[in-house]
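A.B. asks: Mind the numbering: the sequence shown is residues 6 to 289 in the numbering used here, read in order.
In this text, a Cβ means the ideal position worked out from N, Cα and C, and glycines have one as well.
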Amino acid sequence: MSGGAIPVRLEYVDFTGHAQVRLTWELVGGGSGGSGGGEVPSATWSQVKPGRPYVGEYFANRDVSGSPALVRQDSEIDFDWGYGAPAPGVPADNFSVRWTNTLRLDKGKYRFIVETDDGMRLFLNDRLVIDKWRTQARTKYTYEASLDGGEYRLRMEYFDEAGLAFARLRVEVLRQPSGAVGNIVTCVPPQPQNYAWIKLYRLNNANQWVSLGRGIGSIEPSGFLKIDGLPVDVNRFGGAGEPYKVEQWVDSRVVRSTGDFQRGEPEFRVRAFADNATPWGCSP
Ligand SMILES: [Ca+2]
Ligand SMILES: [Ca+2]
6 MSGGAIPVRL EYVDFTGHAQ VRLTWELVGG GSGGSGGGEV PSATWSQVKP
56 GRPYVGEYFA NRDVSGSPAL VRQDSEIDFD WGYGAPAPGV PADNFSVRWT
106 NTLRLDKGKY RFIVETDDGM RLFLNDRLVI DKWRTQARTK YTYEASLDGG
156 EYRLRMEYFD EAGLAFARLR VEVLRQPSGA VGNIVTCVPP QPQNYAWIKL
206 YRLNNANQWV SLGRGIGSIE PSGFLKIDGL PVDVNRFGGA GEPYKVEQWV
256 DSRVVRSTGD FQRGEPEFRV RAFADNATPW GCSP
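1) Verify the CB distance criterion: does Asp19 have a CB-CB separation below 9 Å to chain D?
2) What does Thr147 pair with, by DSSP beta-bridge criteria?
3) Would you kindly work out how many angstroms separate the C-alpha atoms of Arg139 and Phe164, rounded to a whole number?
4) So is Tyr63 buried or exposed if we call it buried at 16+ other beta carbons inside 10 Å?
5) Which residue comes first and which comes last in the beta strand (DSSP E) that contains Phe100?
6) Indicate the three-state DSSP secondary structure (helix, strand or coil) for Phe273 in the structure shown.
7) If you drop the 5 nearest sequence neighbours on each side, which residues of the same chain put their C-beta closer than 6 Å to that of Gly89?
8) Given this structure, state the Cα-to-Cα distance separating Tyr157 from Leu110, to the nearest angstrom.
9) Would you say the beta carbon of Tyr63 comes nearer than 8 Å to a heavy atom of ligand 1?
10) Report the residue ranges of all beta strand (DSSP E) runs contained in full by the segment 200-269; include only those spanning at least 3 residues, in chain order.
11) Does the Cβ of Leu133 have 16 or more other Cβ atoms within 10 Å, making it buried, or fewer, making it exposed?
12) Okay, do the segment 114-122 and the segment 169-179 touch, 3+ Cβ pairs below 8 Å being the bar?
13) Within its chain, find whatever has a CB closer than 6 Å to the CB of Pro271; leave out the 5 residues flanking it on each side and keep chain order.
14) Just to check my reading of the structure: Ala185 and Val237 have Cβ atoms closer than 8 Å, yes? What is that Cβ distance to the nearest angstrom?
15) Is Thr140 close to ligand 2? I mean its beta-carbon at under 8 Å from any heavy atom of the ligand.
16) Hey, how far is the Cα of Gly218 from the Cα of Glu16?
17) With 16 other CB atoms within 10 Å as the buried threshold, where does Arg78 fall?
18) Work out the CA separation of Val69 and Gly39 for me, nearest whole Å.
19) Within 10 Å of its beta-carbon, does Arg67 have 16 or more other beta-carbons around it, so buried, or fewer, so exposed?
20) Starting from the N-terminal end, write out each residue whose C-beta falls within a distance shorter than 7 Å of any non-hydrogen atom of ligand 2.
21) DSSP on Trp50, reduced to helix/strand/coil?
22) Classify Leu208 as buried or exposed, calling it buried when 16 or more other Cβ atoms lie within 10 Å of its own Cβ.
23) Would you please state the rounded distance, in angstroms, between the beta carbons of Ala142 and Phe100? I believe it to be under 8 Å.
24) Out of curiosity, what's the CA-to-CA distance linking Ala282 and Ile189?
Laid out in structure tokens, this is it:
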């Protein structure tokens with residue numbers, strides 16, 4: 006589905022005796038918010054937010070010279086000032102800004118995306134990596150680098166000559182799929198007459214639960230079930246394992262659930278290469 010308002014109509018009739026009707030729907034992988042669901046994850050760029058704010062020095066000239074007219078902290082560089090001034094005491098045209106910060110970055114591949122009207126230059130550890138110090142309409146530039154990890158000094162200088170003023174810097178890291186897998190050990194009481202299964206959910210990038218697919222098989226007579234090969238995103242969640250939501254269904258009803266911390270349940274984490282028993286786990 007492409008999203009938006011989807012008309013739904015359910016028609017139902019009961020002629021005699023017991024009557025029951027139920028309609029549910031859920032997202033099965035993909036969708037807005039990115040990974041989740043049963044598909045094998047691919048490498049994705051995700052935003053890196055600085056641990057502390059930028060120091061922004063605002064100058065009443067267009068070449069970051071002399072004493073700044075204003076110094077303040079900016080949690081992000083993401084400004085659309087239009088035809089206006091960035092702050093009282095700074096003019097709407099012919100002003101400039103120097104932002105500095107120190108980022109603590111893990112080893113990995115990074116990209117620095119800047120978008121400005123007018124000009125800018127970007128320095129990484131005092132090395133000039135993007136140099137577009139010129140009058141221009143809003144334009145985007147990207148610098149990519151493989152970094153060994155550690156602390157990196159980041160400095161962005163920017164000016165507006167006239168008209169519209171816009172400045173944005175976004176830092177992204179390439180997250181590789183880990184390939185790590187884990188399992189869940191669980192059980193249901195023997196259900197000689199009823200149909201029982203387990204449903205699993207992962208968090209997508211918007212922190213919404215996304216079903217891993219349909220129910221994971223039926224339960225053998227002992228009630229024991231071990232579900233192998235579950236993806237564990239150690240890039241995102243670290244060694245503590247990936248949060249999962251586990252539901253036990255019997256006869257079309259959820260009879261037990263764990264891991265839905267957004268609704269007050271304790272977290273249930275699937276650690277890679279380890280047995281992860283649900284609170285109602287049992288032995289084979
Ligand atoms: Ca302006
Ligand atoms: Ca401009």
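C.D. replies: Straight from the coordinates:
1) In the structure shown, chain D cannot be found, because there is only a single protein chain.
2) The count along the sequence shown starts at 1 and reaches residue 147 at position 142. Per the DSSP secondary-structure output, Thr147 pairs in a beta bridge with Ile118.
3) Within the sequence shown, numbered from 1, the residue matching residue 139 stands at position 134. Within the sequence shown, numbered from 1, the residue matching residue 164 stands at position 159. Taking the straight line from one Cα to the other gives about 9 Å.
4) Taking the first residue of the sequence shown as position 1, residue 63 is located at position 58. Tyr63 should be labelled buried.
5) If you number the sequence shown from 1, residue 100 lands on position 95. Its beta strand (DSSP E) spans residues 100-110.
6) On the sequence shown, position 268 is the one that residue 273 refers to. Of the three classes helix, strand and coil, the one that applies to Phe273 here is coil, per DSSP.
7) Position 84 of the sequence shown, counted from the first residue, corresponds to residue 89. Spatial neighbours of Gly89 in its own chain (CB-CB distance under 6 Å, excluding positions within 5 residues in sequence) are listed in chain order as Ala97.
8) Reading the sequence shown from its first residue, position 152 is the one you call residue 157. Reading the sequence shown from its first residue, position 105 is the one you call residue 110. Note on geometry: alpha-carbon atoms of Tyr157 and Leu110 lie some 7 Å from one another.
9) Against the sequence shown, residue 63 aligns to sequence position 58. Outside the cutoff, so no.
10) When DSSP assignments are scanned along the segment 200-269, the uninterrupted stretches of beta strand (DSSP E) that are 3 or more residues long and fall wholly within it turn out to be 201-208, 214-216, 229-236, 250-255, 258-263.
11) Numbered from its first residue, the sequence shown carries residue 133 at position 128. Counting Cβ neighbours within 10 Å, Leu133 comes out exposed, since fewer than 16 surround it.
12) By the Cβ criterion, the segment 114-122 is in contact with the segment 169-179, since at least three pairs of Cβ atoms, one from each stretch, lie closer than 8 Å.
13) By 1-based counting over the sequence shown, the position of residue 271 is 266. The beta carbon of Pro271 sits closer than 6 Å to none of the beta carbons in its chain outside the five residues before and after it.
14) The residue labelled residue 185 in the question sits at position 180 within the sequence shown. The residue labelled residue 237 in the question sits at position 232 within the sequence shown. Indeed, because the Cβ distance is near 4 Å, the residues count as touching under 8 Å.
15) Start at 1 with the first residue of the sequence shown, and residue 140 comes out as number 135. Thr140: yes, Cβ under 8 Å from ligand 2.
16) Within the sequence shown, residue 218 is the residue found at index 213, counting from 1. Within the sequence shown, residue 16 is the residue found at index 11, counting from 1. A straight line joining the alpha-carbon of Gly218 with that of Glu16 spans about 26 Å.
17) On the sequence shown, position 73 is the one that residue 78 refers to. First, the amino acid is wrong: residue 78 is Gln here, not Arg. Label assigned to Gln78: exposed.
18) For the purposes of this step, residue 39 is taken as residue 34 along the sequence shown, with counting starting at 1. For the purposes of this step, residue 69 is taken as residue 64 along the sequence shown, with counting starting at 1. Unreliable positioning characterises Gly39 in this predicted model, as indicated by a pLDDT of 36, which lies under 50. A coordinate reading is not provided.
19) Translated into positions along the sequence shown, residue 67 becomes position 62. Classified as buried, Arg67 has 16 or more neighbouring CB atoms from the shown chains inside 10 Å of its CB.
20) Sorted by chain position, residues whose beta-carbon lies closer than 7 Å to a non-hydrogen atom of ligand 2 are Asp122, Asp123, Asp165, Glu166, Ala167, Gly168, Leu169, Ala170.
21) As a working note, residue 50 is residue 45 in the sequence shown. Residue state, collapsed to three classes: strand.
22) As a first step, residue 208 is located in the sequence shown; it is residue number 203 there, counting from the start. Buried, because 16 or more other Cβ atoms sit within 10 Å of the Cβ of Leu208.
23) Translated into positions along the sequence shown, residue 142 becomes position 137. Translated into positions along the sequence shown, residue 100 becomes position 95. So it is not a contact: roughly 17 Å between Cβ atoms.
24) As a first step, residue 282 must be located in the sequence shown, where it is residue number 277. As a first step, residue 189 must be located in the sequence shown, where it is residue number 184. In a straight line, the C-alpha of Ala282 is about 6 Å away from that of Ile189.
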